[in-house]
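Chain order of the listed sequences is A and B. Going by our numbering, the first sequence opens with residue 672, and the numbers climb by one from there. Going by our numbering, the second sequence opens with residue 1490, and the numbers climb by one from there. Let me begin by presenting the structure, written as structure tokens, before commenting on it.
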Amino acid sequence: TLTDRLQRVFKSLRGEARLTEANMAETLEEIRLALLEADVAQSIVEAVVADIRVKALGQEVMAALSPAEQVIKILRDELLDVLGGGEAARVNVKSSAPPAVVLMAGLQGSGKTTTSAKLAAWLKKRGHRPMLVSVDVYRPAAREQLALLAEQVPAPLFAGAELVAQAGAALGTAVVLDLAKAARRDAVRSGCDVLIVDTAGRLHIDEPLMAEMRQLKQALAPGEILFVADAMVGQDAVHSAAEFHRQLSFTGVVLTKLDGDTRGGAALSIRRVTGQPIKFIGTSERLDGLEVFHPDRIVGRILG
Amino acid sequence: FKGRAEVSEADLKQLEAALIGADIGARTAAEIVARVRQAAEERRETDLASVRRAIEDELVGILERATRRPRQVPDGEPLVLMLVGVNGTGKTTTIGKLTQYYRAQGRTVLLCAADTFRAAATEQLQAWGQRTGAEVIHQKPGADPSAVLYDALAAAKARKSDFVIVDTAGRLHTKSNLMQELAKMRRTAGRLIPGAPHEVLLVLDATTGQNGLQQARQFAQAADVTGLIVTKLDGTARGGIVIAIARELGLPVRYVGTGEQADDFVPFEPRRFVEAIVG
Ligand SMILES: Nc1nc2c(ncn2[C@@H]2O[C@H](COP(=O)(O)OP(=O)(O)OP(=O)(O)O)[C@@H](O)[C@H]2O)c(=O)[nH]1
Ligand SMILES: Nc1nc2c(ncn2[C@@H]2O[C@H](COP(=O)(O)OP(=O)(O)OP(=O)(O)O)[C@@H](O)[C@H]2O)c(=O)[nH]1
Ligand SMILES: [Mg+2]
Ligand SMILES: [Mg+2]
């Protein structure tokens, strides 16, 4: 663990009683390596290490802690500080004109479709009447996938089969927008107070598809835009998250597949580079596998 | 004056940052840069272009030393490929691309929809089968994946198909029951066709960080992986984790995915891959 490695650093510096310039260099290098190995982005690691150096130097030795433990405490506090508070897990489903719209966004395969259904189950439990719609007209059987999950929740789904059939081979942004608007009308008709819009996975560098996302946002005026990201993403997390945020100003993040053993440094990278709260984590493939994000749990994983 | 820029400390730091940014790993990146720096000083070739080339050579060397190969296919038997990996990496889509690739070579392909768990997984593979000209052997949702596999291999033998490609459900390597399911599928395949599955390809998302190494270790153990496929290299991620996988497990990258269409697929070229990383 990082604590063991830091203990060894301090031991090798022969019984240092306080944190000094001399014992700091090796310590900070161990921390830097540990954070990079946990998939925290380089630029974030640099900033965190610089902060810790300032906070740690010349610190009064805390009676109960060894220098290594002291540094770990400073690091822990720093990471918790970056990850921010627990005001996170409220989905904005208030809307002056129902339905409130939640728009899902993210890279291919991150877990948007599954999370859309999980979110419907979550909101249902809290007394809401969510409707689901998939505007992914690109991926084979994408709309079928959401339809099956909607049945499992169970929650109403806007299928829009006629709209898609009419579009024929011309499956693109036009039918995407038509589907979204028709779904919203159907949600109102059916007395649903929330519309969850599942979208196709896309690259942040795919201009036409990012433009489609912006047009969806404009058409739907969602109260919540959730960036769904795979917790095992490495250094690329900052690039995709930053660009999605730049183009969409998303309002929250869902970090999926945290039932694996990835350290999850992407949480820190995404939070830091976008300033948006991580609202939920995905912890299984099942519909109840959606949990509120707790910063201290991910910090525990990152510090390994 | 040779007109060749001397490499500076800042250059070396930048090269190391490029390697880390590509998910090569902090310690591996530091080792490679240190080794290259020392060799450059000894050879007195300390211009930036030579140093950059030396780093590329190191990485290509690691990739080329990954010599694991597919198992032998007995004469007259179909070559059985099985795609495995964690959730959402692109397995099903890649099967569509592999089918296109083999069909373009005039081969016959039979597909096996052994993801009987995820919603619409079979429908998704069937759509790809239609698109690329391959029949899909499937059963009802919830069926035993090994039973679907058995059906598919029996059908392939009867029809004398050139290839059988088996789609499996995404699974996290931390779930031992799911990893055991893969081991059982392997045993089932081997009973019906000697050496099957002849190629077990671990499909890795190029955006995967250091956890990719742990994924490879666990899948190698449970499913006896013979090679890797890296998907989504059309994004900004560079897939550098395959360097650590090559070094530790000897697993080569066989193919690369570069988009969502059937032809967004190429055999792996180490030099090209490495040049994109070192830039
Ligand atoms: N173990 C685990 N698997 C998950 C989780 N969330 C999603 N998955 C799985 O990840 C895979 C991809 O999920 P999808 O919901 O299809 O992802 P997507 O973002 O909609 O994919 P595209 O629409 O192709 O971009 C599926 O196998 C899901 O079951 C999670 O929290 N844990
Ligand atoms: N940009 C890009 N997207 C890809 C590539 N390969 C697959 N995808 C996309 O990634 C998403 C997931 O692909 P799937 O084939 O469903 O992945 P999977 O591994 O079968 O997923 P599970 O079965 O749920 O584990 C889809 O949206 C694909 O279109 C690629 O090379 N580039
Ligand atoms: Mg989807
Ligand atoms: Mg699949």
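Where is the CB? At the ideal position from N, CA and C, for every residue including glycine.
Assuming A/T786 and A/L929 are in contact, meaning their beta carbons sit under 8 angstroms apart, how far apart are those beta carbons, in whole angstroms? Your pair A/T786 and A/L929 does not check out as a contact, with CB atoms roughly 12 angstroms apart and the cut at 8 angstroms.
Q) Hey, would you say B/L1740 sits closer than 7 angstroms to B/A1555, going by beta carbons? A) Yes, the Cβ-Cβ distance between B/L1740 and B/A1555 is below 7 angstroms.
Let's test the definition: count the other Cβ atoms within 10 Å of the Cβ of A/G777 and tell me whether it reaches 16, buried, or not, exposed. Note on A/G777: 16 or more other CB atoms within 10 angstroms of its CB, so buried under the neighbour-count rule.
Requested in this report: Output, in chain order, the set of chain B residues within a Cβ distance shorter than 7 angstroms of A/M884.
Outcome: Within chain B, no C-beta atom comes less than 7 angstroms from the C-beta of A/M884; the nearest is roughly 16 angstroms away.
Checklist entry - With distances taken between CB atoms, is the gap from B/R1736 to B/I1766 smaller than 7 angstroms? => result The Cβ atoms of B/R1736 and B/I1766 do not sit closer than 7 angstroms to each other.
Notebook entry, point to check: Which partner residues does A/E895 have in the DSSP bridge list?
Noted result: Residue pairing of A/E895 in beta bridges, as defined by DSSP: A/V773.
### Task
May I have the straight-line CA-CA distance separating B/L1508 from B/L1572, to the nearest angstrom?
Roughly 28 angstroms separates the two Cα atoms.
A/L866: which of A/R747, A/R885, A/N694, A/L774 sits nearest, CA to CA?
Each of A/R747, A/R885, A/N694, A/L774 was checked against the Cα of A/L866, and the nearest Cα belongs to A/L774.
Taking just the CA atoms, how far does A/G905 sit from A/L706?
Going by the C-alpha atoms only, they are around 11 angstroms apart.
*Would you kindly report the start and end of the unbroken beta strand (DSSP E) that includes A/S805?*
Run containing A/S805: 801-805, per the beta strand (DSSP E) assignment.
**Asked** Can you tell me whether DSSP reads B/F1490 as helix, strand or coil?
**Response** Caution is warranted here: a pLDDT of 45 is assigned to B/F1490, below 50, making its placement in the model unreliable, and the coordinate value is therefore given only provisionally. Residue state, collapsed to three classes: coil.
### Query
How is the beta strand (DSSP E) around A/L736 delimited, first residue to last?
Premise fails: A/L736 is in no beta strand (DSSP E) and is neither H nor E.
For A/L736 and B/S1665, what's the separation of their Cα atoms in angstroms? Going from the Cα of A/L736 to the Cα of B/S1665 covers about 39 angstroms.
Sub-7 angstroms separation of A/T698 and A/L677 beta-carbons = In this structure, A/T698 places its C-beta atom within 7 angstroms of the C-beta atom of A/L677.
Whole-number beta carbon distance between A/A830 and A/L887, since they are thought to touch under 8 angstroms = That pair is no contact at about 18 angstroms.
Note to self: ligand 1 and B/R1607: does the residue's C-beta get closer than 6 angstroms to at least one heavy atom of that ligand?
What the structure shows: B/R1607 has its CB nearer than 6 angstroms to a heavy atom of ligand 1.
What did DSSP end up calling A/L842 once you bin it into helix, strand or coil? Reduced to three states, the DSSP call for A/L842 is coil.
- Query: How many whole angstroms separate the CB atoms of A/P948 and A/G755, which I take to be in contact at a CB cut-off of 8 angstroms?
  - Reply: About 6 angstroms separates the beta carbon of A/P948 from that of A/G755, a gap short enough to meet the 8 angstroms contact definition.
- Where the alpha helix (DSSP H) containing B/G1542 begins and where it ends: A quick correction: the sequence has Arg, not Gly, at residue 1542 of chain B. Taken as a continuous stretch (DSSP letters only), the alpha helix (DSSP H) holding B/R1542 covers 1537-1553.
**Item:** Range of the contiguous beta strand (DSSP E) that encloses B/D1694
**Value:** Element bounds for B/D1694: 1688-1694.
Open item on the list: Once the 5 residues before and after B/V1522 are set aside, which same chain residues still bring their CB inside 8 angstroms of it?
Closed with: Scanning its chain for C-beta atoms nearer than 8 angstroms, with the 5 sequence neighbours on each side dropped, one finds around B/V1522 the residues L1501, L1504, E1505, L1508, I1544, in chain order.
Where the beta strand (DSSP E) through A/M903 begins and ends:
Annotation: A/M903 is outside any beta strand (DSSP E) and is labelled neither H nor E by DSSP.
Shortest alpha-carbon distance to A/R943 belongs to which of A/V680, A/E708, A/D752, A/M695?
The residue from A/V680, A/E708, A/D752, A/M695 with its alpha-carbon nearest to that of A/R943 is A/D752.
Residues that A/S781 contacts on chain B, provided the C-beta gap is smaller than 7 angstroms: Around A/S781, the beta-carbon contacts reaching into chain B at under 7 angstroms are G1577.
Check your understanding: Do A/L819 and A/T784 have their C-beta atoms within less than 7 angstroms of each other?
Key -> No; because the gap between Cβ atoms is not below 7 angstroms, this pair is not in contact.
Can you give me the Cβ contacts of B/S1539 inside the same chain, cut-off strictly under 6 angstroms, excluding the 5 residues immediately before and after it?
Once the five neighbours on either side are set aside, B/S1539 has no close Cβ partner at all.
For this session: Note down, in chain order, each residue of its chain lying with its Cβ closer than 6 angstroms to the Cβ of A/R957, except the 5 sequence neighbours on either side.
Result: Setting aside the 5 residues that flank it on each side, A/R957 has no residue in the same chain whose C-beta is closer than 6 angstroms to its C-beta.
Margin query: I'd like to confirm something about A/K783: is its beta-carbon nearer than 6 angstroms to some heavy atom of ligand 5, or not?
Written below: In terms of ligand content, the structure shown lacks ligand 5 and carries ligand 1, ligand 2, ligand 3 and ligand 4 instead.
Verify the contact flag: A/R810, CB atom, against every heavy atom of ligand 2, threshold strictly below 6 angstroms.
Correct: A/R810 has its Cβ closer than 6 angstroms to ligand 2.
Beta-carbon of B/A1515 versus every beta-carbon of chain A: anything under 7 angstroms? So, interface residue.
Does B/G1724 get closer than 7 angstroms to chain A when you measure Cβ to Cβ? Using beta-carbon distances, B/G1724 counts as an interface residue toward chain A, with a partner under 7 angstroms.
- Item | Cross-chain neighbours of A/V899 in chain B, by beta carbon under 7 angstroms | Taking a Cβ-Cβ threshold of 7 angstroms, none of the residues of chain B is close to A/V899; the smallest such distance is about 11 angstroms.
Does the Cβ of A/P876 have 16 or more other Cβ atoms within 10 Å, making it buried, or fewer, making it exposed? Just to set this straight, residue 876 of chain A is Ile in the shown sequence, not Pro. It counts as exposed.
Taking Cβ-Cβ distances shorter than 9 angstroms, what residues in chain B pair up with A/V904? When 9 angstroms is used as the limit between beta carbons, A/V904 is near these residues of chain B: D1694, T1696, T1697, G1698, A1726, in chain order.
Using only alpha-carbon positions, find the residue among B/K1649, B/A1593, B/D1546 that is nearest to B/R1761. In terms of CA proximity to B/R1761, B/D1546 leads the group B/K1649, B/A1593, B/D1546.
Closer than 8 angstroms is the cut-off here; do at least three beta carbon pairs connect the region 1590-1598 of chain B with the region 1650-1666 of chain B?
Result yes; three or more Cβ-Cβ pairs closer than 8 angstroms.
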